[in-house]
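Under our numbering, the first residue of the sequence shown is numbered -13, with each subsequent residue one higher.
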Amino acid sequence: MQRFLSHCEFRSFDPLRQRLRRWQEVRTWARLIREAESLWHVDVRELRRLGAIELSQLLDEVPPTERIRVNRWLIRYSVETRLTCPQNDQTATPRTHKHQEHDDP
């Protein structure tokens, strides 16, 4: 007897929905990084410190398999941060900046 898929199971097999979900997740990572980086540029010392902490945590949390795609969004958002990609510890573009330490000047 053939078993019918539930609505949720059917949706999980839909390649278009999977691509859309992946696109949304990648864009969200880049937006969070952009927001954390913008905190790092304000004059209030405590906000800069919180922005640096948040940015460091986000950089560690982005899955290695999504870093190239997140870097594309970071370029579009015109932020300085770029993620190190899994292939030979390279970044996605030749002209990149990596914020690994966010100490106050």
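Backbone N, C-alpha and C define an ideal beta-carbon position, used for all residues, glycine too.
- By alpha-carbon distance to Asn57, the top candidate from Ala16, Glu21, Thr51 is Ala16.
- Counting C-beta atoms within 10 angstroms of its own C-beta, Leu2 has fewer than 16 neighbours from the protein chains shown and is therefore classed as exposed.
- Annotation for Glu40: Ala22 place their beta carbon closer than 6 Å to its own, counting only its chain and skipping 5 residues before and after.
- Between Val48 and Arg20, the C-beta spacing is not below 8 Å.
- In terms of CA proximity to Ile54, Thr70 leads the group Thr70, Gln43, Arg62, Tyr63.
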